[in-house]
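Everything on this sheet refers to the single structure shown next.
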Ligand SMILES: Cc1cc2nc3c(=O)[nH]c(=O)nc-3n(C[C@H](O)[C@H](O)[C@H](O)COP(=O)(O)OP(=O)(O)OC[C@H]3O[C@@H](n4cnc5c(N)ncnc54)[C@H](O)[C@@H]3O)c2cc1C
Ligand code: FES
Ligand code: FES
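Protein chains in written order, with this note's numbering: chain A, 1 to 280; chain B, 1001 to 1162.
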């Protein structure tokens, strides 16, 4: 399968990419692991591809003012194996390792995945529970969007036309924080049918907890019912079970030939329980 | 749109004209005639098109030739040195890691990626690393043994060369 014709340009800087993107039919190319398959199927036919994968200022992971800053073009593999991430945000190494397969992790990028906003993508759930901020740049300048405001619907984000995701900033969690990401995957593509991310702080009892799902609904979401059922409590088996039972209520549930609505909702509860048990 | 790319494939430098939409796998197979890299699914699923790009396993059906500009590529044809099989090739031979052989070049290239990052993988490490490569014949057990064979052989060679 061969994509329809397009022009290809390698951008050397963010500014160059922004100015090239003024052409309305142009599209950014990151790792290409969502875009190229779609172009081969001709679901997508951009007339110009702007390759941003080699822009140095968009790559790498560093610690800065109490935050970890991840360049948007950092690959899943780089996140999975990075020592700063392992030390401060192990949930991201855990999630990265569950994405696709070796080859996908070697090419696919965090920024590309967030911009694409596939409802079954893994990253969005972890972004929601770690208070990630997505930094974007466009002709009108830079802005920072909270992960909670970024995912707006089915393959939809708060990105405006001509904007580029440049980096992801995540505050360093406090010392008494635990986290987990667990996933029930589609057996062939390995995309999430249900992915559940949890971050909890507290000693003995739960001071604060964030629970988010991906794969379950049109976009990733925080499940406040589960969170409220746990706040201020001790995470014993009974409390966890009761909280997990409230998962994915009151949201529209996706349904496809891998998992119908009822089964998916059931899986959300099962995986909430597993994630919560891991951090308890 | 046509582009000029410069790549190093199996140690040999090439300067080629490609269409912007040319996929890397077609460039390797049709333009360079390196047909050891296979196309199994063409939908990014089976891994039979896997090659190494700057030391990382990549599905060449999911990458443009243009994206490989400036990169060093290794295909299955580049593994044997001076007529000596690579330990992975020897392992697949010794342990019967193939039946029809269609998946084998991709399996081996992904295993090259694994052994370069983790020279002594456990059985689970091997199975996890090969998740993106499908085999319709063997049932995988002998493929795992082939990678274990190569891991042991490479260690032996290293010891011998010290
Ligand atoms: C076989 C297979 C299995 C997979 N399994 C999983 C899985 O289990 N879990 C999972 O989460 N994902 C999975 N993926 C998707 C993979 O993680 C993709 O790499 C990722 O979703 C997109 O990242 P990319 O860098 O490849 O982006 P691209 O494909 O290059 O781009 C995706 C889209 O985002 C836009 N874009 C890219 N970068 C930016 C930017 N910086 N700013 C603004 N817009 C941008 C592009 O224009 C395009 O529309 C799988 C993919 C394949 C092929
Ligand atoms: S041909 Fe590339 S993954 Fe199957
Ligand atoms: S040996 Fe036939 S597909 Fe693997």
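All C-beta atoms in this analysis are idealised placements derived from N, C-alpha and C, irrespective of residue type, glycine included.
Identity of the residues DSSP links to residue i by a beta bridge
i                       : result
residue 214 of chain A  : A:195
residue 179 of chain A  : A:199
residue 1068 of chain B : Residue 1068 of chain B pairs with nothing; no bridge assigned.
residue 1014 of chain B : B:1007
residue 205 of chain A  : A:234
residue 222 of chain A  : A:212
residue 185 of chain A  : A:192
residue 1002 of chain B : B:1019
residue 1153 of chain B : Note: residue 1153 of chain B sits in no beta bridge, so no partner.
residue 164 of chain A  : A:137
Residue i (DSSP reduced to helix, strand or coil)
i                       : result
residue 51 of chain A   : strand
residue 23 of chain A   : coil
residue 171 of chain A  : strand
residue 1075 of chain B : coil
residue 158 of chain A  : coil
residue 136 of chain A  : strand
residue 71 of chain A   : strand
residue 45 of chain A   : coil
residue 102 of chain A  : helix
residue 143 of chain A  : strand
residue 1082 of chain B : coil
residue 1019 of chain B : strand
residue 242 of chain A  : helix
residue 1162 of chain B : coil
residue 1092 of chain B : helix
residue 153 of chain A  : strand
residue 271 of chain A  : helix
residue 131 of chain A  : coil
residue 1042 of chain B : coil
residue 10 of chain A   : strand
residue 1035 of chain B : coil
residue 109 of chain A  : strand
residue 16 of chain A   : helix
residue 1109 of chain B : helix
residue 1116 of chain B : helix
residue 5 of chain A    : coil
residue 277 of chain A  : helix
residue 228 of chain A  : helix
residue 119 of chain A  : coil
Alpha-carbon to alpha-carbon, residue j and residue i
i                       : j                       : result
residue 118 of chain A  : residue 155 of chain A  : 5 Å
residue 1095 of chain B : residue 149 of chain A  : 53 Å
residue 269 of chain A  : residue 243 of chain A  : 9 Å
residue 1047 of chain B : residue 165 of chain A  : 29 Å
residue 26 of chain A   : residue 82 of chain A   : 32 Å
residue 1017 of chain B : residue 1113 of chain B : 29 Å
residue 68 of chain A   : residue 1162 of chain B : 41 Å
residue 191 of chain A  : residue 47 of chain A   : 28 Å
residue 1052 of chain B : residue 1099 of chain B : 23 Å
residue 61 of chain A   : residue 70 of chain A   : 5 Å
residue 1063 of chain B : residue 1024 of chain B : 6 Å
residue 1126 of chain B : residue 184 of chain A  : 21 Å
residue 1036 of chain B : residue 1042 of chain B : 15 Å
residue 1145 of chain B : residue 1091 of chain B : 8 Å
residue 147 of chain A  : residue 1121 of chain B : 37 Å
residue 235 of chain A  : residue 45 of chain A   : 50 Å
residue 16 of chain A   : residue 1149 of chain B : 49 Å
Where the alpha helix (DSSP H) containing residue i begins and where it ends
i                       : result
residue 79 of chain A   : 76 to 81
residue 31 of chain A   : No alpha helix (DSSP H) holds residue 31 of chain A; DSSP gives it neither H nor E.
residue 95 of chain A   : 90 to 97
residue 1129 of chain B : 1123 to 1129
First through last residue of the beta strand (DSSP E) which encompasses residue i
i                       : result
residue 1058 of chain B : 1056 to 1059
residue 64 of chain A   : 61 to 64
residue 1050 of chain B : 1050 to 1053
residue 253 of chain A  : It is not in any beta strand (DSSP E) - residue 253 of chain A carries neither H nor E in the DSSP assignment.
residue 1102 of chain B : Neither: residue 1102 of chain B is in no beta strand (DSSP E) and is coded neither H nor E.
Min CB distance residue i to chain D below 8 Å
i                     : result
residue 37 of chain A : Here chain D cannot be found, since the structure's protein chains are A and B.
Can you pull every residue whose C-beta falls closer than 6 Å to some heavy atom of ligand 2, listed in chain order?
Listed along the chain, these residues meet the criterion: B:1039, B:1040, B:1041, B:1042, B:1044, B:1045, B:1046, B:1047, B:1048, B:1049, B:1059, B:1061.
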